[in-house]
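Before any comments, here is the structure.
There are 2 protein chains.
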Amino acid sequence: MGTRITSGHGSGGKMMRDLIETIIRPRFGPDTQTADDAAIIEARGLPLAFTTDSYTITPIFFPGGDIGSLAVNGTVNDLAVMGAAPISLSCALILEEGFAMDDLIRILDSMKAAAAAASVRIVTGDTKVVPHGKGDGVYINTSGIGIFETKVQRRPIAPGDRVVVSGFIGDHGMAIMAIRHNLSFAKGLVSDCANLNHMIRRVTDRFPEQVKFMRDPTRGGVATVCNEIAEGMPWGVKIIEQNLPIREEVKGVGGILGIDPLYAANEGKVLIVASPESAEGIVEILRASPEGRDAAIIGEITPEFPGRAWLATTVGGRRLLPLLTEEQLPRIC
Amino acid sequence: MGTRITSGHGSGGKMMRDLIETIIRPRFGPDTQTADDAAIIEARGLPLAFTTDSYTITPIFFPGGDIGSLAVNGTVNDLAVMGAAPISLSCALILEEGFAMDDLIRILDSMKAAAAAASVRIVTGDTKVVPHGKGDGVYINTSGIGIFETKVQRRPIAPGDRVVVSGFIGDHGMAIMAIRHNLSFAKGLVSDCANLNHMIRRVTDRFPEQVKFMRDPTRGGVATVCNEIAEGMPWGVKIIEQNLPIREEVKGVGGILGIDPLYAANEGKVLIVASPESAEGIVEILRASPEGRDAAIIGEITPEFPGRAWLATTVGGRRLLPLLTEEQLPRIC
């Protein structure tokens, strides 16, 4: 028996990256988007961002959102962090026989509201039904097209550049895990699921040349994104533990389940690498939006630990942040 | 207990249309594509076609193709029948735990070959893994973007216009059903799964103003497309039984399983409504391509039976072709 797919292949960690790099990417050509959240294509000279994501989260309804709002916001944010303005989304449903129509309606209403909030339109769709036991209620694929309104200049990342995050980290991942494990003390914990495109646009309008990298730290969390930034770079990515905005409930759930909030998924946060002189201004713009109210500078680019993400701990230690091999949080999105 | 999803909601028939018209469309706004195979959007004044389809076919490997080639060709053809040239596709995989890596590789190779044949590139992707029993090996979503190279003038359909189909009908649906039912006599039967964009382009280049409607008759087959054409129109759509190109094996499988080939899925055929003077020329162009070798004029638009598709039978009768309510061929794509 040959190799078989395991949950680790969908983790956002090393196994998934290996699958993409060794199996998928060689077949779909050198320009296929893998590291970025969206591909940039040209349509008659017009650059467009194009992205796709399937959502298989369980449970489908959770505090702060549902699979529908998650699907819309996730795709909107993938476009926004590329510097693109989302214009059109698709919505493809894989429904399991027996799924309640009322739940479907609730999810579609949620998608409608999320699309309106992001000023994006769902223009095309598809519906498939699979037998009971061949799905899990509903899976949703949203693909999206964005246009580049501001030409974001991507300058090379350099030591001294700051790492900014737009608020509390780990909320989505921990909220989902708390429900699944029935952790009653974490009842107040809600997913951060939100669209970020308007807020990101205000940042890039003001700092088009100072923003060097943006990403929404979903599967794999902030630590995974920092590893991706560091990979192949002659610099390290330092995260300052005491600067990290982490809720007490998130720490609590993480402690019980053995999950580091740095690796927990976010669905309404953006991580930005920007020049040192712009970082405070970026935080100020982020904080002016409700979804960026708790933004903070959480780290910087360092000559130390080239190619690695690392943590400067509160007690003065240094700890490498490994690229996880397998999944920590299955079906988190 | 309220209404629940049944297989009929994914059939391509009346139940699916009702779901789309009463539940989905009202939420996603009046411009959401439903009847057409793709939406037309504008990106800075540039018209683009945008489409999405999820593929849940079983079995995933079948004579003439597999879920991978089906996914690429299906999305390519949805763009092509809108008169758009496909430029970029996405590929989102939902893998079930335990799925064989070798099968995944075979499917990706098949997607690569199909994309190359259609001169389209797969530029972005996503990979999710679901637990055993929550999927069925692999589901694939392909979304696609097309640009309009030829401005196809859509003139109103009128009595006398001809209905052209690019070859034998029902091959895909019957090939899949024959495997599922282990009908050994139908072993030579293969799916017609193929990209049509190059051939369609040659037709629209030559007859940009004479082509009035194009559609690939997938789920629900030729009869379902003819019903969609007829709906709300003051004319009928007549199909001439003796002109229908149907293989003997397709008739045989259909006879045993009680499935009319007119309702069986095609995955490499285009149905065209065109002005009477252009129909012969269109057939000639189609026949010049291997995938259109057996093209034929199969019907015409009539004052009789307004709003309905109908069959002029070989023995001189007339029979309405109903819009099927439920699915006839589950998971055919």
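Heads up: the protein sequence lines correspond to chains A and B, in order. Just add 121 to wherever you are in the first sequence, counting from 1, and you've got this note's numbering. Just add 121 to wherever you are in the second sequence, counting from 1, and you've got this note's numbering. Just so it is clear, CB atoms sit at the ideal spot from N, CA and C, and this is done for glycine as well.
- For alanine 279/B, the closest C-alpha among the options Phe328/B, Ile350/B, Tyr260/B, Ile266/B is that of Ile350/B.
- At a cut-off of 8 Å, the C-beta of serine 190/B has no neighbouring C-beta in chain A.
- Excluding five sequence positions before and after phenylalanine 426/A, the CB atoms of its chain that fall closer than 6 Å to its own CB belong to Gly357, given in chain order.
- When only Cα atoms are considered, glycine 413/B and threonine 325/A end up about 51 Å apart.
- With fewer than 16 other CB atoms across the displayed protein chains lying within 10 angstroms of its CB, histidine 253/B is exposed.
- Segment contact: the segment 194-203 of chain A against the segment 282-292 of chain B, fewer than three CB-CB distances shorter than 8 Å; contact not assigned.
- With a contact defined as Cβ atoms closer than 8 Å, alanine 164/A and isoleucine 266/B qualify at about 7 Å.
- In this structure, the straight-line span from the alpha carbon of valine 197/A to that of isoleucine 162/A is close to 17 Å.
- Nearest to glutamine 363/B by C-alpha distance, out of Ile418/B, Asn262/B, Ile188/B, is Ile418/B.
- Leucine 229/A and serine 175/B have their alpha carbons spaced roughly 18 Å apart.
- Secondary structure of methionine 335/B (DSSP, three-state): strand.
- Between threonine 124/A and chain B, the shortest Cβ-Cβ separation is below 8 Å.
- In the DSSP assignment, glutamate 401/B falls within the alpha helix (DSSP H) that extends over 397-408.
- Apart from sequence neighbours up to five positions away, the residues of its chain that approach glycine 189/A with a beta-carbon distance below 6 Å are Ile228, Ser231, Met232, ordered along the chain.
- Under the three-state reduction of DSSP output, proline 329/B falls in the coil class, being neither helix nor strand.
- At a Cβ-Cβ threshold of 8 Å, isoleucine 126/A and glycine 219/B count as neighbours.
- With a threshold of 16 other beta carbon atoms within 10 Å, proline 207/A meets it and is buried.
- Nearest C-alpha to proline 329/A among Arg276/A, Ile453/A, Glu421/A: Arg276/A.
- Rounded to the nearest whole angstrom, the C-alpha separation of leucine 445/A and isoleucine 261/B is 26 Å.
- For valine 332/A, no Cβ of chain B is located within less than 8 Å of the residue's own Cβ.
- Per DSSP, reduced to three states, the secondary structure at isoleucine 393/A is strand.
- Counting of Cβ neighbours within 10 angstroms places serine 305/B among the exposed residues, the total staying below 16.
- Taking 9 Å as the Cβ-Cβ cut-off, the segment 244-257 of chain A approaches chain B at Val244, Thr245, Gly246, Asp247, Thr248, Lys249, Val250, Val251, Pro252, Gly254, Lys255, Gly256, Asp257, given in chain order.
- A straight line joining the alpha-carbon of valine 251/B with that of glycine 342/A spans about 20 Å.
- For the 8 Å CB-CB criterion, arginine 340/A and isoleucine 453/A form a contact.
- Among the residues of chain A, those whose CB is under 8 Å from the CB of aspartate 230/B are Arg148, following chain order.
- When Cβ-Cβ separations below 8 Å define contact, serine 240/A makes no contact with chain B.
- For alanine 221/B, the closest Cβ of chain A is nearer than 8 Å.
- Think of a sphere of 7 Å around the beta carbon of alanine 201/B: no beta carbon from chain A falls inside it, the nearest being about 15 Å out.
- Restricting attention to Val259/A, Ser264/A, Ala221/A, Lys255/A, the CA atom closest to the CA of alanine 236/A is found in Ser264/A.
- The beta-bridge partner set that DSSP reports for arginine 440/A consists of Leu432/A.
- If only uninterrupted alpha helix (DSSP H) runs of at least 4 residues are considered, those enclosed by the segment 209-293 of chain A are 222-238.
- Just measuring C-alpha positions, the residue of Thr173/B, Arg242/B, His302/B sitting nearest arginine 148/A is Arg242/B.
- Going by DSSP, threonine 345/B is part of the alpha helix (DSSP H) stretching over 342-351.
- Taking 7 Å as the upper bound on Cβ-Cβ separation, chain A lies near residues Gln154, Ala159, Ala160, Ile162, Ala164, Arg165, Leu167, Leu169, Phe171, Thr172, Thr173, Asp174, Ser175, Thr177 of the segment 154-177 of chain B.
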